[in-house]
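Enquirer:
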Amino acid sequence: KLHSDLDKGVGTVKYTLSGDGAGTVFTIDETTGDIHAIRSLDREEKPFYTLRAQAVDVDTKKPLEPESEFIIKVQDINDNEPKFLDGPYVASVPEMSPVGAYVLQVKATDADDPTYGNSARVVYSILQGQPYFSIDPKTGVIRTALPNMDREVKEQYQVLIQAKDMGGQLGGLAGTTTVNITLTDVNDNPPRFPKSIFHLKVPESSHVGSAIGRIRAVDPDFGKNAEIEYNIVPGDGGNLFDITTDENTQEGVIKLKKPLDFETKKAYTFKVEASNLHLDHRFHSVGPFKDTATVKINVLDMDEPPVFSKPMYTMEVYEDTPVGTIIGAVTAQDLDAGSSSVRYFIDWKNDVDSYFTIDATEGTIATNELLDRESTAQYNFSIIASKVSNPLLTSKVNVIINVLDVNEFPPEIAVPYETSVCENAKPGQVIQTVTAADKDLSPAGQRFSFRLSAEASNKPNFTVHDYKNNTAGIETRRNGYNRRQQELYFLPVVIEDSSYPVQSSTNTLTIRVCRCDSDGTIQSCNVEAIFLPVGLSTGALIAILLCIVILLVIVVLYVALRRQKKKDTLMTSKEDIRDNVIHYDDEGGGEEDTQAFDIGALRNPKVIEDNKIRRDIKPDTLRFPRQRPPVEDNTDIRDFINQRLQENDVDPAAPPYDSLATYAYEGNGSVAESLSSIDSLTTEADQDYDYLSDWGPRFKILADMFGEEESYNPDKVT
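For what it's worth, the working numbering labels the leading residue of the sequence shown as 7, then goes sequentially.
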């Protein structure tokens, strides 16, 4: 109820309600201020509501007081029962567990207010499942209540659990759930044979390794705790049989280890032991986890095929043995009580079997054709034996016949050899190692000897060195070979074997002479290669020769053009008056070459000079020095040139035609008078050239030339 102090009860005040749930859950009387719930409340859905109320003037609609806030709290009642949210439960516990063994913990939830009263206080109890299990009332932990619960007696248990609120008091609400508990297996039971003796009947014709019977021990346990291992106890007949475990059925499968023979032994007795593979030490006190039973096996008589005396027959015969020669025999007999006769025949499979025959009654084997070891060294075929009383019962045996060798083939070189020898080979050098092969096969192994033939032993080229191990070396006997004289050598080698009678053959080795380097590596073995560069083909050589020819043509053209050019460029002007200088149209050897031309021609023509023979001309006759009359001063130069021309025309040692001798005349009437040494009053002998030696190494040759000229001057008298 809401009430304002300003409300005088005359209807001038109006009450309003707003907030959480106003109008939907709660309502207010506008005149009296009474608040009512218009529907039922659930604390588990909403435990409290927050509302706001205000008093308003009816006429002005203005609030008379500030708005006030208040909370309506829903008080809890016990209207919800406990619930197992995870139920129903499934649990397991090992069998034979002690009392109090933990199984499972259950939990129930109550939606009521745990802070108000006992509405949410839960207590657990068992409604169904006693006396096997118990539960803690407060925690809900389920434990075993009986000792040694046996899975083999009862495996599944269903327990009904109740949870009640109000502390379990009268009037409280309750909820239930189911717990399915399974006892898991432990190995608490040994295997047991259902009977102490097992009887089996086995035909004597049973194959080795085949299963001849099954026995089974019973183990009530489950899974790996029920796995059984079977073993034969050593004793009578146990060595003929074996036993294994069938993993699917846990049965003992008895297998045959050796053949049975009714005529030898008709019955066998042995014991079989069955035991668990996985033992639990907690139950060792119960007793041994194994059991033993006796197995008796009776062998049944069967009509069997003949039996050969050996599993395989091996015989030997020499090649070329006459047809019909007996080389051996096979024997088979019927071991049954009736002892029937046996017949023999060859199991024909191919044409090879036709080389031999067999006596049907005696079993003797003889040759049917001539044998050749080199064609076939061994024969392998089968002999079949059958009973006369029952031809369908047969047995088979393999026969191997080895053909022995007779020495009929001579030894030969094993493979063709490509033998070569270097031109620079030394005496005693091994150039080839040869081996031999013989189509014959001696039981003791062949021994071969090597030697030169009689006609080759006297030649000084090669020899054969027998190494006494079925090999021989070809050695050189000369110091070097010449391919131009002989390219191929043919060496006859005689090879003998050691069998009887001795067989021999002459084999010719071809030895080729090759060109080698200093290390003995072969470079060429062809005679044509002597005249050809190594590694060049014919096309490459033609290209090289063509290039050389082209270069020679270019050089010849160049020299001819140069000579023509120099002839055209000679200075022939009559007005060019110079000193008397001789030009030689050839190249000298530099400034050090003082013998390539006559240096005296460059000097004063008045000086008498030694005439020297040119090095580039070989005259037929010796040239005598020409006495040239001295040219008088102011003599016409044309007369002087004509005189020199006549001398050169008759001189056999004159310079070659491409040389030019030029004489110049400086003329008369110079204001400064003549500067030429020709008209100089001072002669060349009066000149002192010693100062050239002081100008350094570059003028040494010039100083030496003029120094020699000064010492040579015939006009100077010492």
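Using N, Cα and C, we set each Cβ at its ideal position, and we do this for glycine too.
Quick caveat: nothing in here was measured; it's all calculated off a predicted structure.
Under 8 Å, do residue 263 and residue 276 count as touching if we go by C-beta distance?
Expert: One-based indexing of the sequence shown puts residue 263 at position 257. One-based indexing of the sequence shown puts residue 276 at position 270. No, the pair does not count as a contact, with Cβ atoms beyond the cut-off.
Enquirer: What does a CB cutoff of less than 6 Å around residue 176 pick up in its chain, not counting 5 residues either side in sequence?
Expert: Position 170 of the sequence shown, counted from the start, is the residue given in the question as residue 176. Closer than 6 Å at the Cβ level, and outside the excluded window around residue 176, lies no residue.
Enquirer: With residue 132 as the anchor, note down where its beta strand (DSSP E) starts and where it stops.
Expert: Looking up residue 132 in the sequence shown gives position 126. Residues 129-134.
Enquirer: Assign residue 2 to one of two classes, buried (16 or more other C-beta atoms within 10 Å of its C-beta) or exposed (fewer than that).
Expert: This structure cannot settle anything about residue 2, because the visible part of the chain is limited to 7 through 724.
Enquirer: Under DSSP, the alpha helix (DSSP H) around residue 780 begins and ends at which residues?
Expert: Any answer about residue 780 is impossible in this case: the structure gives the chain only from 7 up to 724.
Enquirer: Would you mind working out which of 227, 297, 105 sits nearest residue 237, comparing C-alpha positions?
Expert: As a position in the sequence shown, residue 237 is number 231, starting the count at 1. Ranking the options by Cα distance to residue 237, first place goes to 297.
Enquirer: So what does DSSP say about residue 571, is it helix, strand or coil?
Expert: Along the sequence shown, read from residue 1 onward, the residue named residue 571 stands at position 565. In the structure shown, residue 571 sits in a helix (DSSP, three-state: H, G or I).
Enquirer: Which first and last residues belong to the beta strand (DSSP E) in which residue 60 is found?
Expert: The residue you call residue 60 lines up with position 54 of the sequence shown. Note, residue 60: beta strand (DSSP E), 54-63.
Enquirer: Taking C-beta to C-beta, are residue 147 and residue 221 nearer than 8 Å?
Expert: Taking the first residue of the sequence shown as position 1, residue 147 is located at position 141. Taking the first residue of the sequence shown as position 1, residue 221 is located at position 215. Not closer than 8 Å, so no.
Enquirer: Mind listing, in chain order, the continuous beta strand (DSSP E) runs of no fewer than 3 residues lying wholly within the segment 489-528?
Expert: Taking only runs of at least 3 residues, the beta strand (DSSP E) segments lying wholly in the segment 489-528 are 494-502, 510-522.
Enquirer: Would the segment 202-221 count as touching the segment 161-168 if we require 3 or more Cβ pairs under 8 Å?
Expert: no
Enquirer: Mind pulling the beta strand (DSSP E) runs of 3 or more residues that sit fully within the segment 287-348?
Expert: 296-306, 318-324, 332-335
Enquirer: Look at the alpha carbon of residue 235 and the alpha carbon of residue 386, and state the distance between them as a whole number of angstroms.
Expert: One-based indexing of the sequence shown puts residue 235 at position 229. One-based indexing of the sequence shown puts residue 386 at position 380. As the crow flies, the alpha-carbon of residue 235 is around 46 Å from that of residue 386.
Enquirer: In the structure shown, what three-state DSSP assignment does residue 561 receive?
Expert: Stepping through the sequence shown from its first residue, residue 561 is reached at position 555. Residue state, collapsed to three classes: helix.
Enquirer: Go ahead and label residue 494 buried or exposed: buried means 16 or more other beta carbons lie within 10 angstroms of its beta carbon, across all protein chains shown.
Expert: Position 488 of the sequence shown, counted from the start, is the residue given in the question as residue 494. When all chains shown are included, residue 494 counts as exposed.
Enquirer: How far does the beta strand (DSSP E) with residue 205 in it extend, from its first residue to its last?
Expert: By 1-based counting over the sequence shown, the position of residue 205 is 199. Note, residue 205: beta strand (DSSP E), 203-209.
Enquirer: Give me, in chain order, the residues of the same chain whose beta-carbon lies closer than 8 Å to that of residue 492; leave out the 5 immediate sequence neighbours on both sides.
Expert: Locating residue 492 in the sequence shown gives position 486, counting from the first residue. Only 519 meet the Cβ criterion.
Enquirer: Is residue 382 helix, strand or coil when you go by DSSP?
Expert: Translated into positions along the sequence shown, residue 382 becomes position 376. Of the three classes helix, strand and coil, the one that applies to residue 382 here is coil, per DSSP.
Enquirer: Can the beta-carbon of residue 97 be found less than 8 Å from the beta-carbon of residue 109?
Expert: Taking the sequence shown and counting its residues from 1, one reaches residue 97 at position 91. Taking the sequence shown and counting its residues from 1, one reaches residue 109 at position 103. Closer than 8 Å, so yes.
Enquirer: From 284, 652, 306, 347, pick the residue whose C-alpha is nearest to that of residue 396; which is it?
Expert: Within the sequence shown, the letter at position 390 stands for residue 396. With distances taken between Cα atoms, residue 396 lies closest to 347.
Enquirer: Quick one: measure Cβ to Cβ for residue 393 and residue 312, integer angstroms, because I've assumed they're closer than 8 Å.
Expert: By one-based count along the sequence shown, residue 393 stands at place 387. By one-based count along the sequence shown, residue 312 stands at place 306. Sure, about 6 Å apart at Cβ, within 8 Å.
Enquirer: What residue does the beta strand (DSSP E) around residue 428 start on, and which one ends it?
Expert: The residue labelled residue 428 in the question sits at position 422 within the sequence shown. 425-428 is the span of the beta strand (DSSP E), which, as asked, contains residue 428.
Enquirer: In this structure, what does DSSP give as the bridge partners for residue 278?
Expert: Reading the sequence shown from its first residue, position 272 is the one you call residue 278. Residue 278 is bridged to 238, 299.
Enquirer: Quick one, which of 530, 504, 529, 499 has its alpha-carbon nearest residue 516's?
Expert: Start at 1 with the first residue of the sequence shown, and residue 516 comes out as number 510. Residue 499 is the option with its Cα nearest to residue 516.
Enquirer: Residue 371 by DSSP, collapsed to three states: which one?
Expert: Position 365 of the sequence shown, counted from the first residue, corresponds to residue 371. Looking at residue 371 - three-state DSSP - the assignment turns out to be strand.
Enquirer: Measure how close the beta-carbons of residue 286 and residue 156 come, nearest whole angstrom, since I'm counting them as under 8 Å.
Expert: Here residue 286 corresponds to residue number 280 of the sequence shown, with the count starting at 1. Here residue 156 corresponds to residue number 150 of the sequence shown, with the count starting at 1. Not quite, the Cβ-Cβ distance comes to about 14 Å (not below 8 Å), so this is no contact.
Enquirer: So, for residue 182: in the same chain, excluding its five sequence neighbours on each side, which residues have a beta-carbon less than 8 Å away from its beta-carbon?
Expert: Taking the sequence shown and counting its residues from 1, one reaches residue 182 at position 176. Counting only Cβ-Cβ distances below 8 Å, and skipping sequence neighbours, we find 90, 133, 166, 167, 168, 169.
Enquirer: Just the Cα atoms here: how many angstroms apart are residue 697 and residue 650?
Expert: The residue labelled residue 697 in the question sits at position 691 within the sequence shown. The residue labelled residue 650 in the question sits at position 644 within the sequence shown. Their backbone Cα atoms lie some 35 Å apart in a straight line.
Enquirer: Where does residue 488 land, buried or exposed, given buried means 16+ other C-beta within 10 angstroms?
Expert: For the purposes of this step, residue 488 is identified with residue 482 of the sequence shown, where counting begins at 1. Residue 488 comes out exposed.
Enquirer: Take residue 201 as the anchor and find which of 101, 480, 223 has the nearest alpha-carbon.
Expert: The residue you call residue 201 lines up with position 195 of the sequence shown. The option with the nearest alpha carbon to residue 201 is 223.
Enquirer: Who are the Cβ neighbours of residue 339 in its own chain at under 7 Å, not counting the five residues just before and after it?
Expert: Residue 339 sits at position 333 when you count from the first residue of the sequence shown. If we look at residue 339 and ignore the five residues flanking it on each side, its Cβ neighbours are 312, 313, 348.
Enquirer: Go ahead and label residue 318 buried or exposed: buried means 16 or more other beta carbons lie within 10 angstroms of its beta carbon, across all protein chains shown.
Expert: Reading the sequence shown from its first residue, position 312 is the one you call residue 318. Its Cβ having fewer than 16 others within 10 Å, residue 318 is exposed.
Enquirer: Can you list, in chain order, the residues of its chain with a C-beta nearer than 8 Å to that of residue 496? Leave out the 5 residues immediately preceding and following it.
Expert: Position 490 of the sequence shown, counted from the first residue, corresponds to residue 496. Within the same chain, 514, 515, 516, 517 come within 8 Å of residue 496 by CB-CB distance, once the 5 residues on both sides are set aside.
Enquirer: Near residue 435, which residues of its chain fall below 7 Å by C-beta distance, leaving aside the five closest residues on each side in sequence?
Expert: For the purposes of this step, residue 435 is taken as residue 429 along the sequence shown, with counting starting at 1. 481, 482.
Enquirer: Might you give, ordered along the chain, the residues of its own chain that have their beta carbon closer than 6 Å to the beta carbon of residue 80, omitting 5 neighbours on each side?
Expert: For this step, residue 80 is matched to residue 74 along the sequence shown. Excluding residues within five positions, the ones whose Cβ falls inside 6 Å are 47, 49, 53.
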